[in-house]
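Residue numbers (the working numbering): 123 to 309. Notes for the one structure printed next.
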Amino acid sequence: GFTIQNGYDCEGGGMECNYGSSPTLTDLIITNNTSTCNGGGIQIEQSSPILSNIIISSNYAPNGGGIFIWKDDSNVILNNVDIVNNNANYGAGIKITTNATVNLSNSTISGNSAQLGGAINSDSNSNEEINFYFENGIISENSATSGGAFYINGNSVFNVENSHISNNTVDSNGGSGAVAWITESSV
Numbered sequence: 123g124f125t126i127q128n129g130y131d132c133e134g135g136g137m138e139c140n141y142g143s144s145p146t147l148t149d150l151i152i153t154n155n156t157s158t159c160n161g162g163g164i165q166i167e168q169s170s171p172i173l174s175n176i177i178i179s180s181n182y183a184p185n186g187g188g189i190f191i192w193k194d195d196s197n198v199i200l201n202n203v204d205i206v207n208n209n210a211n212y213g214a215g216i217k218i219t220t221n222a223t224v225n226l227s228n229s230t231i232s233g234n235s236a237q238l239g240g241a242i243n244s245d246s247n248s249n250e251e252i253n254f255y256f257e258n259g260i261i262s263e264n265s266a267t268s269g270g271a272f273y274i275n276g277n278s279v280f281n282v283e284n285s286h287i288s289n290n291t292v293d294s295n296g297g298s299g300a301v302a303w304i305t306e307s308s309v
């Protein structure tokens, strides 16, 4: 594998998968990248990548510090991915929006910090649906003003199985939902 580091861009500080691309990426480290808009580590836009054996760490973006996933037809598979120590305003680990499906397994989301959704921020309107499946993983020690682990807003379906969710925190000055802040969604 190799390391993608010190990138800087508006969309996808480290890398961007977009418009129908379906790469299979393995054995990568994506670290210390910055986006001024979306996806500090990776932006996934209308594409269906498979990522395995990846470390996504210490990236920053306003939306999706580690990964930003959006637009119709995004169907993302993440296996054995560590998403750690990323920062964002919305979704420090992962930010998902606009008719996307994400399958995450055997992975860890830890040590991320955001205003809304330390580990994961899912935000859609009534005309869109987000489907998120998390299996055999760990979500721990993430922090946010609201939704230490999950900030789920809008038409989202979240399935979490055989996973360990612990020690996620919210701001002690009026924050809400150390594990989850949820509206209009199915969990």
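Beta carbons are placed, not taken as given, at the ideal position from N, Cα and C, and that holds for glycine.
For residue i, which residues does DSSP report across the bridge?
i    : result
S157 : D131
Q165 : E138 and F190
T125 : I151
A222 : S196
D236 : Looking at the sequence shown, residue 236 is not Asp but Ala. Partner(s): A266.
S244 : I218 and I274
D204 : I177 and T230
N253 : T223 and V279
N209 : Y182 and S235
Where does residue i fall in DSSP's three states?
i    : result
N275 : strand
S144 : coil
N290 : coil
N258 : coil
N284 : coil
Using a 10 Å radius around the Cβ and a threshold of 16 neighbouring Cβ atoms, would you call residue i buried or exposed?
i    : result
D131 : buried
N249 : exposed
G135 : buried
Y141 : exposed
G123 : exposed
At what residues does the beta strand (DSSP E) containing residue i begin and finish?
i    : result
N185 : Y182 to N185
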